[in-house]
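Below is one structure, written out as structure tokens, with a few remarks after it.
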Amino acid sequence: MAEELFKLLDDYFTEHELNWGNCLGFCSDGAQTMAGKRNGLRALIKRAAPNAEWTHCVIHREALASKHLSPELNEVLTAVVDVVNFIKTRPLKARLFTAVCEEMGADHTAVLFHSEARWLSRGKVLSRIFELRSEIRVFLEEERMYEAAAKFGDDMFLIKLAYLSDIFSKLNELNLQLQGKDKHLPHLADKINTFTRKLNVWEKRMSQGRTDVFENLTELAESIDSGATTVLPCIQQHIEALGGFFGKYFPNSATQYDWVVDPFHASAPADFSCAEEEQLIEMTSDSALRGAPPSSKFCSVKASPNVHWSIGSVSPKPFHLCPISLTENSVLSITMSSASEEENDSKLSIWYYNENKVKLGDAILHLTAVEISLDVDADRDGVVEKN
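What follows is the structure, encoded as structure tokens:
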């Protein structure tokens, strides 16, 4: 399988005259076929592009971290999947369930399929089942599935269902935040760090008997005489375990890109070469750059006149500090992309602003071993001069 995948990639590179040597990084899930260091696609790409860095897909890691459930909660999920399969895999049952929902005035008239391969499906399925819990109970009783129907009348079962629908909805929100264009690793690390810190808050509030962070759980607990007190320890344990798994799959996510976001106050990464560390020292020792105000863009700097930094050879690392020259009162934001599909080199995307935060224009520099300087004239309406 790995050989076939690599052949497809290699054929594409050959057809479009792309050079494997310009590949700076690649991302995949953690399956052995994809990420194997000896015979996986990762190993084959490394042989063709020795400088390419492999990254384990952030969304895949999030899915792995969230899949573990305690036996108590897994029992609820299993019951939900069984009910969904009973309804969805039988057209007649699906129509009967739709009729029940319509008679009871439900907003929805169908349940959703659960799929392990579709990472957003679990949260959507649980939310729909919780919303239609009364209709499902009536339908199961009409189908004489009394044991399954009894679960949807059991307060403890419903409290666990409410919690699962809430927590997986929040995981779905995180999943969506990790998707999309123009998402850089520091941004994604921030999202993961934010979520793990929230988990700590949620666990603390659960220990205090406060459920307000979970909407469905709070709504149901208020309608039950006994409340959610007896189930809270189970919920607290799951949140604690969830935090542990996020720590396992995202170690050091809070600090590993500090040098990219704020190179002037962060230490050089341990895997930096001597040349890279020296370049970082040279940049961060410049008093004009060090005194720059913070910017909304990572790797942003503000320089005084006549400050010049050359763009050196391209580093294979996903984020390489590329200091350049610019004029007074201009703020420069830097992001680096890997090899372009249309052209066989890497690019540095640049957005520059004047002192009033008004965007003056943008420019694309091709990263080469040739020394290049960039002058930004804030009074010339975004005109860029390259020497």
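In this text, residue positions in the sequence shown follow this note's numbering: the first is 723, and each later residue adds one.
Every residue, glycine too, gets a C-beta built ideally from N, C-alpha and C.
- Taking a 10 Å sphere around the C-beta of E784, we find 16 or more other C-beta atoms and assign the residue as buried.
- Between L1002 and A1010 a beta carbon distance of about 16 Å is seen, past the 8 Å cut, so the two are scored as non-contacting.
- Proximity of the stretch 965-984 to the stretch 931-942 falls short of the contact definition, fewer than three beta-carbon pairs being nearer than 8 Å.
- When DSSP assignments are scanned along the stretch 732-773, the uninterrupted stretches of beta strand (DSSP E) that are 3 or more residues long and fall wholly within it turn out to be 747-750.
- Cα atoms of F967 and A765: separation of roughly 27 Å, rounded to the nearest angstrom.
- By the 16-neighbour rule on beta-carbons within 10 angstroms, V923 is exposed.
- Around the beta carbon of D904, fewer than 16 other beta carbons sit within 10 angstroms, so the residue counts as exposed.
- For T777, the enclosing beta strand (DSSP E) has its first and last residue at E775 to H778.
- The Cβ atoms of F879 and R859 lie no closer than 8 Å to each other.
- Residue state for E895 is assigned as helix, using DSSP reduced to three classes.
- Judged by DSSP in its simplified three-state form, Y979 adopts coil rather than helix or strand.
- Secondary structure of V935 (DSSP, three-state): coil.
- Taking L786 as reference, the option from L799, G752 and R855 with the minimal CA-CA separation is G752.
- Spatial neighbours of I957 in its own chain (CB-CB distance under 6 Å, excluding positions within 5 residues in sequence) are listed in chain order as Y885 and M928.
- The beta-carbon separation of F852 and S887, rounded to 4 Å, stays under the 8 Å limit for a contact.
- The three-state secondary structure of R866, taken from DSSP, is coil.
- Annotated three-state conformation of K903 is coil, per DSSP.
- D980 and G758 have their C-alpha atoms spaced approximately 29 Å apart.
- Here L896 is not near V798, since their CB atoms are 8 Å or more apart.
- Between the alpha carbons of E1004 and I961 lies a gap of roughly 44 Å.
- Boundaries of the alpha helix (DSSP H) around A801: P793 to K810.
- The Cβ atoms of G747 and A774 sit closer than 8 Å to each other.
- Nearest to L854 by alpha-carbon distance, out of V805, M723 and E944, is V805.
- In this structure T933 is buried. Its beta-carbon is surrounded by 16 or more other beta-carbon atoms within 10 angstroms.
- In summary, P908 is buried, with 16 or more beta-carbon neighbours lying within 10 Å of its beta-carbon over all protein chains present.
- Excluding residues up to 5 positions away in sequence, nothing lies with its Cβ nearer than 8 Å to the Cβ of A872 in the same chain.
- Rounded to the nearest angstrom, the Cβ distance from S788 to L964 is 7 Å, consistent with a contact under 8 Å.
- DSSP places P955 inside the alpha helix (DSSP H), whose first and last residues are L954 to Y971.
- If you check the CB distance, K913 and Q901 do not come in under 8 Å.
- The C-beta distance from F890 to L848 rounds to 5 Å, short enough to meet the 8 Å contact threshold.
- In this structure, L763 and F728 form a Cβ contact; the two beta carbons are roughly 6 Å apart against a cut-off of 8 Å.
- The alpha-carbon of G931 is positioned some 7 Å away from that of T951.
- Each residue's CA atom was taken as its position, placing L731 and A988 some 37 Å apart.
- Of the residues assessed, M723 falls on the exposed side of the cut-off, its CB having fewer than 16 other CB atoms within 10 angstroms.
- The three-state reading of DSSP puts L880 in helix, counting H, G and I together.
- In the structure shown, T951 falls within a coil segment according to DSSP collapsed to helix, strand and coil.
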